[in-house]
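K.L.:
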Amino acid sequence: MNKLRVIIVDDEYLARNGIRYLLENEAEIEIISECKDGVEAYDSILKYNPDLVFLDIQMPGLNGFEVIASLKMKKLPYFIFVTAYDEFALQAFKVHAIDYLLKPVNGELFVAALSRAKQLIKAEQNEVFNSRLNDLISDSSKQENYLKRIIVKDRGKTIVVDIDKIILFTADGDYVKIHTKKENYLFRERLSKISEKLDPSVFCRIHRSTIIRLNQVLEFQPISKGDYFIKTKDDQQFTLSRSYRSQFLQALNQ
Numbered sequence: 095m096n097k098l099r100v101i102i103v104d105d106e107y108l109a110r111n112g113i114r115y116l117l118e119n120e121a122e123i124e125i126i127s128e129c130k131d132g133v134e135a136y137d138s139i140l141k142y143n144p145d146l147v148f149l150d151i152q153m154p155g156l157n158g159f160e161v162i163a164s165l166k167m168k169k170l171p172y173f174i175f176v177t178a179y180d181e182f183a184l185q186a187f188k189v190h191a192i193d194y195l196l197k198p199v200n201g202e203l204f205v206a207a208l209s210r211a212k213q214l215i216k217a218e219q220n221e222v223f224n225s226r227l228n229d230l231i232s233d234s235s236k237q238e239n240y241l242k243r244i245i246v247k248d249r250g251k252t253i254v255v256d257i258d259k260i261i262l263f264t265a266d267g268d269y270v271k272i273h274t275k276k277e278n279y280l281f282r283e284r285l286s287k288i289s290e291k292l293d294p295s296v297f298c299r300i301h302r303s304t305i306i307r308l309n310q311v312l313e314f315q316p317i318s319k320g321d322y323f324i325k326t327k328d329d330q331q332f333t334l335s336r337s338y339r340s341q342f343l344q345a346l347n348q
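Residue numbers (the numbering used here): 95 to 348.
Structure below.
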């Protein structure tokens with residue numbers, strides 16, 4: 095059979111080296127990439143389309159959950175999480191039947207997790223695994239509260255845009271345009287999906303095509319038929335539609 099193509103992701107060299115060492119005697123395994131952070135992992139997974147990823151969770155910039163949530167792939171690879179999480183956080187993995195390895199990695203537990211991954215891959219149970227994985231990511235995002243950053247592709251580069259730098263989201267066909275003070279980026283997502291992930295005390299949807307950062311609002315006044323005119327601190331003008339007026343006024347008064 096073809097070898098299983100594996101990517102190792104960890105911000106610690108010794109941790110990556112440890113996983114690589116444990117895989118050395120596995121004839122069915124081919125390590126195709128090693129990544130030291132979440133952005134490298136995101137790029138490598140999209141580029142190589144691996145069968146299996148050993149993924150650290152706690153990494154600077156972009157953590158393991160955020161990497162997976164950012165991937166727009168019809169068929170995700172299988173993931174074995176490598177983590178130093180405490181027992182409370184590990185309960186989520188147990189509930190969703192997702193394999194994880196605690197640092198420092200135990201050899202016997204590693205072999206058992208790898209064996210289960212091989213069986214799932216051979217059985218092509220992608221839909222079952224993806225469903226479990228999506229549930230896990232959904233739970234983790236609830237624990238982490240709101241979106242902290244967004245990954246976008248821009249002129250061949252992968253850009254991590256911190257949510258704190260974003261002042262506006264606007265609909266642009268099948269994309270969302272992300273506006274910062276210096277740059278704009280296109281991101282393939284529906285505005286309604288973005289809205290669900292934003293802190294409502296920071297951002298508010300004011301129109302079916304616009305989400306605005308509340309602290310950018312300078313003034314607003316009624317125009318016609320229940321709609322309002324909004325002016326921002328950078329002198330842009332937007333329409334607050336009547337269907338979003340109530341939640342906008344409520345958000346401003348918090």
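Just so it is clear, CB atoms sit at the ideal spot from N, CA and C, and this is done for glycine as well.
1. Measure from the alpha carbon of I306 to the alpha carbon of each residue in E283, I162 and T333, then state which is nearest.
2. With DSSP run on the structure shown, which of helix, strand or coil describes D105?
3. To the nearest whole angstrom, what separates the beta carbons of I151 and F175, a pair I think is in contact under 8 Å?
4. Do you know whose CA, among Y322, F263, Y142 and K319, lies nearest T424's CA?
5. If you drop the 5 nearest sequence neighbours on each side, which residues of the same chain put their C-beta closer than 8 Å to that of K197?
6. So for E134, helix, strand or coil by DSSP?
7. Please report the distance separating the alpha-carbon of Y107 from that of D131.
8. How about Q344 and S295: do their beta carbons lie closer than 7 Å?
9. When the Cα atoms are used, what is the spatial distance from N309 to K97?
10. Decide if I162 is buried, meaning its Cβ has at least 16 other Cβ atoms within 10 Å, or exposed.
11. Use the C-beta contact count for R282: other C-beta atoms within 10 angstroms, 16 or more gives buried, fewer gives exposed.
12. What residue from Q341, I257, L280 and V270 has the CA that sits closest to G250's CA?
13. Starting from Y279, trace the beta strand (DSSP E) both ways and give me its first and last residue.
14. Here's the rule: buried if 16 or more other CB atoms are within 10 angstroms of the residue's CB, otherwise exposed. What is G155?
15. Name the two residues that bound the continuous beta strand (DSSP E) containing Q361.
16. Do Y338 and D293 have their beta-carbon atoms positioned less than 7 Å apart in this structure?
17. Which residue or residues does DSSP assign as beta-bridge partners of G122?
18. Express the C-alpha separation of D266 and L285 in angstroms, rounding to a whole number.
19. Report the three-state DSSP secondary structure of I245 (helix, strand or coil).
20. Just to confirm the assignment, what range does the alpha helix (DSSP H) spanning V270 have?
21. When the Cα of E313 is compared with those of K242, T326, G320 and F204, which residue comes out closest?
22. Take G320 and list the residues in its own chain whose beta-carbon comes closer than 6 Å to its own, dropping the five residues that flank it on each side.
P.N.:
In this structure, then:
1. Residue mapping note: residue 306 aligns to position 212 of the sequence shown, counting from 1. Of the listed residues, the one whose Cα sits closest to I306 is T333.
2. Within the sequence shown, the letter at position 11 stands for residue 105. Here D105 carries a coil assignment [DSSP, helix/strand/coil].
3. Counting from one through the sequence shown, the residue named residue 151 turns up at place 57. Counting from one through the sequence shown, the residue named residue 175 turns up at place 81. With a beta-carbon spacing of about 6 Å, I151 and F175 fall inside the 8 Å limit used to define contacts.
4. Missing from the structure shown is residue 424; the chain here goes from 95 to 348 and no further.
5. Residue 197 sits at position 103 when you count from the first residue of the sequence shown. Closer than 8 Å at the Cβ level, and outside the excluded window around K197, lie A109, V176, T177 and A178.
6. Within the sequence shown, the letter at position 40 stands for residue 134. In the structure shown, E134 sits in a helix (DSSP, three-state: H, G or I).
7. Locating residue 107 in the sequence shown gives position 13, where the first residue counts as 1. Locating residue 131 in the sequence shown gives position 37, where the first residue counts as 1. C-alpha separation (whole angstroms): 11 Å.
8. Residue mapping note: residue 344 aligns to position 250 of the sequence shown, counting from 1. Residue mapping note: residue 295 aligns to position 201 of the sequence shown, counting from 1. Result no, Cβ atoms of Q344 and S295 do not sit closer than 7 Å.
9. Position 215 of the sequence shown holds residue 309. Position 3 of the sequence shown holds residue 97. Between N309 and K97, the C-alpha separation is close to 53 Å.
10. Taking the first residue of the sequence shown as position 1, residue 162 is located at position 68. Buried: at least 16 other Cβ atoms inside 10 Å.
11. Residue mapping note: residue 282 aligns to position 188 of the sequence shown, counting from 1. Classification of R282: exposed, given that the 10 Å Cβ count is below 16.
12. For the purposes of this step, residue 250 is identified with residue 156 of the sequence shown, where counting begins at 1. Among Q341, I257, L280 and V270, the Cα nearest to that of G250 belongs to L280.
13. Translated into positions along the sequence shown, residue 279 becomes position 185. Element bounds for Y279: N278 to F281.
14. Position 61 of the sequence shown holds residue 155. By the 10 Å Cβ count, G155 comes out exposed.
15. There is simply no residue 361 to check, as the chain begins at 95 and stops at 348 in what is shown.
16. As a first step, residue 293 is located in the sequence shown; it is residue number 199 there, counting from the start. As a first step, residue 338 is located in the sequence shown; it is residue number 244 there, counting from the start. No, Cβ-Cβ distance for D293 and Y338 is not below 7 Å.
17. As a working mapping, residue 122 is identified with position 28 in the sequence shown. Contrary to the premise, residue 122 reads as Glu rather than Gly in this sequence. In the DSSP assignment, no residue is bridged to E122.
18. By 1-based counting over the sequence shown, the position of residue 285 is 191. By 1-based counting over the sequence shown, the position of residue 266 is 172. Rounded to whole angstroms, L285 and D266 show a C-alpha spacing of 9 Å.
19. Counting from 1 along the sequence shown, the entry for residue 245 is found at position 151. Residue state for I245 is assigned as strand, using DSSP reduced to three classes.
20. Reading the sequence shown from its first residue, position 176 is the one you call residue 270. Annotation: V270 is outside any alpha helix (DSSP H); the continuous beta strand (DSSP E) that includes it extends over Y269 to T274.
21. For the purposes of this step, residue 313 is taken as the residue at position 219 of the sequence shown. When each option's Cα is compared against that of E313, the closest is T326.
22. As a position in the sequence shown, residue 320 is number 226, starting the count at 1. These residues qualify, in order along the chain: R336.
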